[in-house]
Each structure stands twice: as C-alpha cells, then as structure tokens.
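Asker: Okay, so the sequence shown: first residue is 3 according to the numbering used here, each after it adds one. Sharing a structure below in structure tokens format, with a few things to ask.
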Amino acid sequence: MNFIKQQSIGFYVNVLALVAAVVALVYYFINCHTSYFLSSGMNPAVLACSFGVVVLELVVLGGSQAAASAGSPKWLPIVLDVCVVAVSVLLMCAFAFFLSDRVNAIASIATFNQNAQNMADLMSAVYGMIAYVIAALLSIIASYMKVNKRNA
3 MNFIKQQSIG FYVNVLALVA AVVALVYYFI NCHTSYFLSS GMNPAVLACS FGVVVLELVV
63 LGGSQAAASA GSPKWLPIVL DVCVVAVSVL LMCAFAFFLS DRVNAIASIA TFNQNAQNMA
123 DLMSAVYGMI AYVIAALLSI IASYMKVNKR NA
C-alpha cells in the first residue's frame, strides 16, 4: 500500500501509455495475420520500435523508483529523461512505419475490394494505428509529469 501512495499521476499515465503500446502491438500482430495483409508480412521496424517502447517504459517506471531513493546516481535522471523522449519518438516511428506499410492497401480496400472480410482486416489496422497514436499522446503527456512523489 505504501508503494501506491508514493506514486504520482505520472506513474499511472506511464502505465496507461505502456498498456496502449502493448495493445497496439497486439493489434499489429493480429493485422499481420489477417487474410488480406498476410502476404505483407511483419515489418521489423514496427516490431523493433514497439519492443523498444515496452523496454524503455519499464526502464522509466523502474528507474524513477530508484531515482527517488537516497544514494541514486547523479546520471540516472538524465538517462530517464532521454528514455521518456525516446518512448514518444519510437511510438511515432512505429505508427509511421505501420501506416506506410498499409496506406496502399487501405486505398485499395476503400475503392475496389470492399467486402466484409477485407473491411474487417482494414479495421484491425485502423484500431492498431489509433492505439499507437493514443500511446504516443499518453507518453507525451506523461513526459511532463513526475512519476514518484518523492522526487516531485
């Protein structure tokens, strides 16, 4: 219970950004395995950016707890600031790579190949892209907040 009381609103916004990034990655996996997008395969850049976001968010959440304790290294806040910026950048890169891979297919489905299956495949791509944008917005909002009350 003491751990919960020590957390600031930034902790919870960071957790929400992490959850949104994981949801976006899950939608990306789902979309890559749909019948229309199966031949496109998975873009390694989207995967690398997404996994990098998850790792960096965990570093931010864990590192902020360590930075709040006495005797933490002087360089830790600088590393955490870099990680916070990198999370937002990686989320926007993942979104951009995902969108660039799907833009021609979206246009094709919207104009020529409208059937129930293709529209469902398209919607899974749209949901994934929306999740990436939400995660990026949450990470940007969280970058202005302290994670722990002890270092506020």
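Just so it is clear, CB atoms sit at the ideal spot from N, CA and C, and this is done for glycine as well.
Below 8 Å on the Cβ atoms is my guess for alanine 22 versus leucine 101; work out the distance and round it to an integer in Å.
Answerer: 16 Å between Cβ atoms; not a contact.
Asker: If contacts are defined as beta-carbon pairs under 8 Å, then valine 62 and valine 149 qualify, I think. What distance do you get, rounded to the angstrom?
Answerer: Yes, valine 62 and valine 149 are in contact; Cβ-Cβ is about 7 Å, under 8 Å.
Asker: Quick one: Cα of leucine 12 to Cα of threonine 113, how far?
Answerer: Residue identity differs from the one stated: residue 12 is glycine in this sequence, not leucine. Straight-line Cα distance between these residues: approximately 43 Å.
Asker: Would you mind sorting aspartate 83 into buried or exposed? The rule is 16 or more other CB atoms within 10 Å of its CB.
Answerer: Aspartate 83 is exposed by the Cβ-count criterion.
Asker: Taking the runs of the alpha helix (DSSP H) that are 4 residues or longer, which of them lie wholly in the segment 108-145?
Answerer: Entirely contained in the segment 108-145, the alpha helix (DSSP H) runs reaching 4 residues are, in chain order, 118-144.
Asker: Helix, strand or coil for asparagine 16, going by three-state DSSP, please let me know.
Answerer: Helix.
Asker: Taking Cβ to Cβ, would you say leucine 92 is nearer than 7 Å to tyrosine 134?
Answerer: Going by C-beta atoms, leucine 92 is not nearer than 7 Å to tyrosine 134.
Asker: Take isoleucine 32 and list the residues in its own chain whose beta-carbon comes closer than 6 Å to its own, dropping the five residues that flank it on each side.
Answerer: Cβ within range, chain order: Ser126.
Asker: So, are the CB atoms of valine 89 and leucine 58 less than 7 Å apart?
Answerer: Yes, these two residues count as a Cβ contact at 7 Å.
Asker: Using a threshold of 7 Å, state whether the C-beta atoms of proline 79 and alanine 69 are closer than that.
Answerer: Contact flag set, yes.
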